[in-house]
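Protein chains in written order, with the numbering used here: chain A, 1 to 653; chain E, 1 to 653. See structure below.
Protein chains: 2
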Amino acid sequence: MMQSDVIEADLNRITITDPFLGEYQRLIRDVVIPYQWEALNDNIPEAEPSHALANYRIAAGLEPGEFYGMVFQDSDVTKWLEAVAWSLSQKPDSELEQTADAVIELLAQAQCEDGYLNTWYTVKEPGLRWTNVAECHEMYCAGHLFEAAVAFFNATGKRRLLEIACRFADHIDTVFGPNDGQLRGYPGHPEIELALMRLYEVTREPRYQALARFFLEERGQQPYYYDIEFEKRGGTWHWDNWGEAWMVKDKAYTHAHKPLAEQNEAVGHAVRSVYLMTGLAHLARLTHDEEKRQTCLRIWNNMVQRRMYITGGIGSQGIGEAFTSDYDLPNDTAYGESCASIGLMMFARRMLEMEGDAHYAEVMERAFYNTVLGGMALDGKHFFYVNPLETHPKSIPHNHIYDHIKPVRQRWFGCACCPPNIARTLVAIGHYLFTPRQDALFINFYAGSEAQFTVNGRALALKIEGNYPWDEQVTIRFSQPQAVEHTLALRLPEWCEAPQVRVNGNAAQGDIIKGYLHLHRQWQEGDVVTLHLPMTIRRVYANSRVRHAAGKVAIQRGPLVYCLEEADNGAELHNLSLPKTATFREIQGVGVLKGKVLLQAEGLRVLTAQENKPLYSFDNRQTAVEKQMLTFIPWFSWANRGEGEMRIWVDEA
Amino acid sequence: MMQSDVIEADLNRITITDPFLGEYQRLIRDVVIPYQWEALNDNIPEAEPSHALANYRIAAGLEPGEFYGMVFQDSDVTKWLEAVAWSLSQKPDSELEQTADAVIELLAQAQCEDGYLNTWYTVKEPGLRWTNVAECHEMYCAGHLFEAAVAFFNATGKRRLLEIACRFADHIDTVFGPNDGQLRGYPGHPEIELALMRLYEVTREPRYQALARFFLEERGQQPYYYDIEFEKRGGTWHWDNWGEAWMVKDKAYTHAHKPLAEQNEAVGHAVRSVYLMTGLAHLARLTHDEEKRQTCLRIWNNMVQRRMYITGGIGSQGIGEAFTSDYDLPNDTAYGESCASIGLMMFARRMLEMEGDAHYAEVMERAFYNTVLGGMALDGKHFFYVNPLETHPKSIPHNHIYDHIKPVRQRWFGCACCPPNIARTLVAIGHYLFTPRQDALFINFYAGSEAQFTVNGRALALKIEGNYPWDEQVTIRFSQPQAVEHTLALRLPEWCEAPQVRVNGNAAQGDIIKGYLHLHRQWQEGDVVTLHLPMTIRRVYANSRVRHAAGKVAIQRGPLVYCLEEADNGAELHNLSLPKTATFREIQGVGVLKGKVLLQAEGLRVLTAQENKPLYSFDNRQTAVEKQMLTFIPWFSWANRGEGEMRIWVDEA
């Protein structure tokens, strides 16, 4: 299964040329990154204060003041740095790079002599470092620092941030571990594991991989470390929004209730789960660890076969931002955090690297083109943290089951995790497009891009053209001067019933292995592979164990899940149904939906009862049904035309 | 509209002879009242401690100790006394009466010199009386004392408890009011208003009516009294489960956000709302106050036309046990507190007395035969506080939107409001059966009973026979020796399409006014009125604005709403549907459901997907449908056969 390694470095040389994703990357560059910079500097009066850069300046002794913000406020800066790094790799910008360099110098000044770097603890709680790893995100912040460092090094070749990261990692490696005098702790919010694995891939420092392994293997062992440190610090706790010391007590929330090798289900906080599994899958692949691989497979299968929304969203409940139980997928109270779907993409990517199975790419694509894209408005200025599959805005403010639901995207959040996470994912999307394994170059989906991969010391250069995921035609052109013998593994998407692949005009000859068409040949300059991926409009049905989708249908075209919105279809969307026999036609979106394919079909509407009609009546005497043309839009683009109802799952008549 | 007064006293002489309700009354007498007595005395090891009688003994100086329990713990004793009183009026029991007398003496000993009686404040917080009427239930407890006193006086003719109540009411009347030196407060939990009105009807003391009026009219005036007392006591608060001083701040929760005359919607805590409106409607009728009547009509109409479940449940959300917004009626996260439906019956009864309109009786009957009966198990030992319309037990422990939902009835509650409330309602059900107005004797539903009413000084004695609500045939026999000229107003239930009424064998002649058939004649001994009320099995549809019932149908027979239960139909009830054309047959229940009419119809089942089938699939390739006989049981009798799924609203195919 784990025949081959992945050549990560080449992923940093991918350029996105896709008209659709290109526009998103432009938004990240021109809108999101500058806006976040202003937010980090507290220059946006209407946003909640950030103070994140000020915290670093105070920690560096450059100005007086108090720490302000969440215990993980530092990570807002490093996530911004990571987004900047990937953006610079897409489009150089010397001014932006200088700004980033200055921030990196600030981090260097804020770093302690021994390598420790966390402004909450150096400014607000000096002397209390590493006393509450269950709740206090020191290692989470470290992980985001490491990820930013890897990205910045890959994008610019500059080592300054990488050195800061390694000094901190080295320090952590002295504090935590199995030896006498070391703490046998592990982080309440996973992230450092996956980040240490990335740091290892860049530095090849075995201690980083060993430390990641320690955290992953120590997790959930008894006696519980969270209880030990809780006792040691006198029974204090940090978070009390859901009860006294709840995060210490509810160990399943942080996936520390038992060792990972004994865990079988996706439980607890969804983001923590997928971040954790991303690190585990990465380690499993690199170390050929079958037990860890089996753990990944078990958790993955439970997650995507029983606990994932059709949108690639995960986490069915607001309280705990958490998984619930098998097949419990309510639509209007869904959490489906944007960051959780980003984490699911990361987990899927690591599984794909290990397994070479298109199943993982299917999920990755589903999460990306639906929940992740949907997390950001088409203006790049507004974001969803929570991504329900159905909304009825009039009811939201009055029923507490909707406390976590916003009917429109918000400008910024006090807990600002999702916007920078979406930003860094969009600018680094090349890492998900391709999986360059030694046995084959896997192309996972077909966003327009230019890339170059090293195969046995030779360059394989290719360009993907098309207008994915709108157009059915994809062209892949090779341009390396020297022929390269290699296998190209092209994903044949599950949503496509009859894909056609040609090489230089001739029907492609190859084996379909785990959903990929494997084409082995001497790839020459001028070779052209074309894919015709018919985007039939598909009706999707949920497994009959999902009670919230019973009797309902969802519409999908290509990887995009569609929905009804009030803007096109009027209010009371629950009164609309789609006959089994209805046929669809495609229309072009206009206005803010320009460039998007919309779908129309003739449906039925139960007419809205007049005011003051009885709540309940016998024998349906008052029900009138009429025909109505239904317009479906890609779900990721909902809530771009003001507040209104939305629903994905529609009654099938 | 308000032509006539109601002769309340006669309601105390009604004897229930109904086989169905008689069995419930037996349960109350033989099981519930003795069990609650043991609970009040802390003789039940597995129940949460009550300490309620001990609190009184400590307050009376009879034993040392500390107060234990909720701020409204006293009311558990007075609610028990009220249930005992109504039970004694149904079936004398000298031993029980002696026990009650002893409790009443204890209350007398615990009462302060000035009439004040509340053990929380005399034992636990002496000197702090009346400093937090927003949160601390002193007047709520007073109200339950008054209700118990009225009931005990009516049942036994003994005045001891009535004197205790009046002394306390007189004290409250000196403390609260519009005069200088009086507090302009009103209770956070309404109850005293309706209780003062009852006390007024027994004592004819005008100060009690005036005090009720003061509380009702002062409510919601600015500056807010809750804020005034909050300030005065230095900003402390009692309840912090939903945030600091939330009950003081969230004035809509207690219906104190604006004067009642300006309120248009049923909002906030559902029990508080209907208790409040019960007092208001009573006052409006007695004082012919058109403004108050209009307020009652507005709130009523909003409540029952937009915010009531088909079960007569109210309160769509668990947090705040509260109303949400128009047509927001989720089934599986419903609150529908048993006590709220009891309060709805009380409100309906007062509206009916004022309006003589069968609409109010429809709602009263719906709430009683569905949610109120459903609140107690068929063994009399287990209770529902919360009454959802749909449950999926496997999901309940894992999704926090279900935190308030129990899949099976519980033995007792720390906050023990519902069990004694159900008990007192069941033993006093005669008060709801008949509405003896001066213009007519209204018979609201047809439970077997014997009653005697005074009409112009003469006795009108009648007996209702049948087996309501199972059998279609009802017989009313008159037995007073002297002929009495009066109007009998017989409700023609809305659920009945073709009621037939005969007087001494001949088709009845009379006018149908507001849903009642008004029969005026000289009623003689031996007169027999028969009603044939065909109980066709009816399909019920919700108003099309109710999104949670879209495409779904509920089944009703007579006043009873039916449901599917896993015990009869297997799991995954969401996969069942009822074809539009399906016809029903009646079958007799067996075992614990003996004596109940069950319904069967041929339905369809989407087969449950096998383990590990994909969550989502295209084009419904995997869906198989087969025929299945569906068995519907009366919803009030669900959860008497162990834990399992249940649903009322079923997909209509």
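The beta-carbon is built from N, C-alpha and C at its ideal position, and this holds for glycine as well.
Please decide whether Phe-584 of chain A counts as near chain E, where near means a Cβ-Cβ distance under 8 Å.
Chain E, which has no Cβ nearer than 8 Å to the Cβ of Phe-584 of chain A, makes this no.
Residues in the segment 283 to 307 of chain E having any Cβ partner in chain A nearer than 9 Å
Listed by position, the residues of the segment 283 to 307 of chain E near chain A (Cβ gap below 9 Å) are Asn-301, Val-304, Gln-305, Arg-306 and Arg-307.
Three or more beta-carbon pairs under 8 Å between the segment 492 to 506 of chain A and the segment 523 to 532 of chain A, yes or no?
With the rule of 3 Cβ pairs closer than 8 Å, the segment 492 to 506 of chain A counts as touching the segment 523 to 532 of chain A.
At what residue ranges does the segment 561 to 647 of chain E contain a whole run of the alpha helix (DSSP H), taking only runs of 4 or more?
The segment 561 to 647 of chain E contains, as complete alpha helix (DSSP H) runs of 4+ residues, the segments 566 to 569 (chain order).
Neighbouring residues, chain E, relative to Glu-218 of chain A (Cβ below 8 Å):
Chain-order list of chain E residues neighbouring Glu-218 of chain A: empty, with the shortest C-beta distance near 27 Å, by a criterion of under 8 Å.
In chain order, what residues of the same chain lie with their CB nearer than 7 Å to the CB of Gln-221 of chain A, ignoring the 5 residues before and after it?
Only Pro-259 meet the Cβ criterion.
Go ahead and label Thr-581 of chain E buried or exposed: buried means 16 or more other beta carbons lie within 10 angstroms of its beta carbon, across all protein chains shown.
Thr-581 of chain E counts as exposed, since fewer than 16 other beta carbons sit within 10 angstroms of its beta carbon.
Against chain E, does Asp-651 of chain A count as a neighbour if the rule is that its beta carbon must be under 8 Å from one of theirs?
For Asp-651 of chain A, the answer is yes, since a Cβ of chain E falls inside 8 Å of its Cβ.
Tyr-385 of chain E and Ser-338 of chain E - do their beta-carbons sit closer together than 8 Å?
Cβ atoms of Ser-338 of chain E and Tyr-385 of chain E: closer than 8 Å.
Distance between Trp-120 of chain A and Glu-645 of chain A (C-alpha atoms, nearest Å)
Whole-angstrom Cα-Cα distance: 41 Å.
Alpha-carbon spacing of His-257 of chain A relative to Asp-403 of chain E, whole angstroms:
Approximately 22 Å between the Cα atoms of the pair.
Is there at least one Cβ from chain E nearer than 8 Å to Phe-618 of chain A's Cβ?
Interface residue (Cβ-Cβ distance to chain E less than 8 Å): Phe-618 of chain A is classified as such.
For chain E, is any of its Cβ atoms less than 8 Å away from the one on Leu-607 of chain A?
Yes - at least one Cβ of chain E is within 8 Å of the one on Leu-607 of chain A.
Alpha-carbon spacing of Ala-654 of chain E relative to Arg-538 of chain E, whole angstroms:
What the structure shows of chain E is the stretch from 1 to 653, and residue 654 of chain E is not part of that stretch, so it cannot be assessed.
Cutting at 6 Å between CB atoms, please list the residues of its own chain near Ile-104 of chain E, excluding the five before and the five after it.
Taken in chain order, the residues that qualify are Arg-160 and Leu-161.
Closest Cβ-Cβ distance between Pro-190 of chain E and chain A: below 8 Å?
So, not an interface residue.
Taking the alpha carbon of Ile-28 of chain A as the reference point, which residue from A:Arg-545, A:His-574 and A:Ala-428 has its own alpha carbon closest?
Comparing Cα-Cα distances from Ile-28 of chain A to each of A:Arg-545, A:His-574 and A:Ala-428, the minimum goes to A:Ala-428.
Between the C-alpha atoms of Tyr-468 of chain E and Gly-22 of chain E, what's the straight-line distance to the nearest angstrom?
For Tyr-468 of chain E and Gly-22 of chain E, the distance between alpha carbons rounds to 11 Å.
Helix, strand or coil, according to DSSP, for Glu-38 of chain E in the structure here?
The answer is helix: DSSP assigns Glu-38 of chain E an H, G or I state.
Could you give the uninterrupted runs of the beta strand (DSSP E) lying entirely in the segment 86 to 167 of chain E, keeping only those of 3 residues or more?
Listed in chain order, nothing qualifies, since the segment 86 to 167 of chain E has no complete beta strand (DSSP E) run of 3 or more residues.
For a cutoff of 8 Å on Cβ pairs, would you count Gly-551 of chain E as touching chain A?
Yes, Gly-551 of chain E lies at the interface with chain A (some Cβ there is under 8 Å from its Cβ).
Could you tell me the boundaries of the alpha helix (DSSP H) in which Trp-246 of chain A lies?
Note, Trp-246 of chain A: alpha helix (DSSP H), 246 to 249.
For chain A, is any of its Cβ atoms less than 8 Å away from the one on Ser-479 of chain E?
It does not; no Cβ of chain A falls within 8 Å.
Cβ-based neighbour list, Glu-572 of chain A, same chain, cut-off 6 Å, excluding 5 preceding and 5 following
For Glu-572 of chain A, where only same-chain residues beyond five positions count, the Cβ hits under 6 Å are Thr-608.
Apply the 10 Å Cβ neighbour rule to Arg-293 of chain E and answer buried if 16 or more other Cβ atoms are within range, or exposed otherwise.
Taking all protein chains in view, the Cβ of Arg-293 of chain E is crowded by 16 or more other Cβ atoms within 10 Å, so the residue is classified as buried.
From E:Met-351, E:Pro-481, E:Glu-465 and E:Val-503, residue whose alpha carbon lies closest to that of Tyr-432 of chain E:
With distances taken between Cα atoms, Tyr-432 of chain E lies closest to E:Met-351.
Opening and closing residue of the alpha helix (DSSP H) in which Tyr-56 of chain A lies:
Start and end: 52 to 59.
Test item: CB-CB of Leu-488 of chain E and Leu-441 of chain E under 8 Å
Taking 8 Å as the Cβ cut-off, Leu-488 of chain E and Leu-441 of chain E qualify as a contacting pair.
Could you name the residues of chain A that His-574 of chain E contacts, counting a contact when the two beta carbons are closer than 7 Å?
In chain order: Arg-547 and Ala-550.
Under the DSSP definition of a beta bridge, which residues are partnered with Asp-511 of chain E?
For Asp-511 of chain E, which the question treats as bridged, DSSP gives the partners E:His-518.
is_contact[Val-501 of chain E, chain A] using C-beta, thresh 8 Å:
The beta carbon of Val-501 of chain E does not come within 8 Å of any beta carbon belonging to chain A, so the residue lies off that interface.
Just mark Trp-242 of chain E as buried or exposed, buried being the case when its beta carbon has 16 or more other beta carbons within 10 Å.
Per the 10 Å Cβ criterion, exposed.
Nearest-angstrom beta carbon gap, Lys-552 of chain E and Glu-626 of chain E [assumed within contact, 8 Å]
With 8 Å as the limit, Glu-626 of chain E and Lys-552 of chain E do not qualify as a contact, their Cβ atoms being about 21 Å apart.
Contact set between Pro-393 of chain E and chain A, taken where Cβ atoms lie within less than 9 Å
The premise fails here: Pro-393 of chain E is roughly 11 Å from chain A at the closest Cβ pair, so nothing lies under 9 Å.
Kindly say whether Lys-613 of chain E, judged by its beta-carbon, lies nearer than 8 Å to any beta-carbon of chain A.
Interface residue, yes.
Best match in E:Asp-42, E:Asp-30 and E:Tyr-327 for proximity to Asn-612 of chain A [C-alpha to C-alpha]
Ranking the options by Cα distance to Asn-612 of chain A, first place goes to E:Tyr-327.
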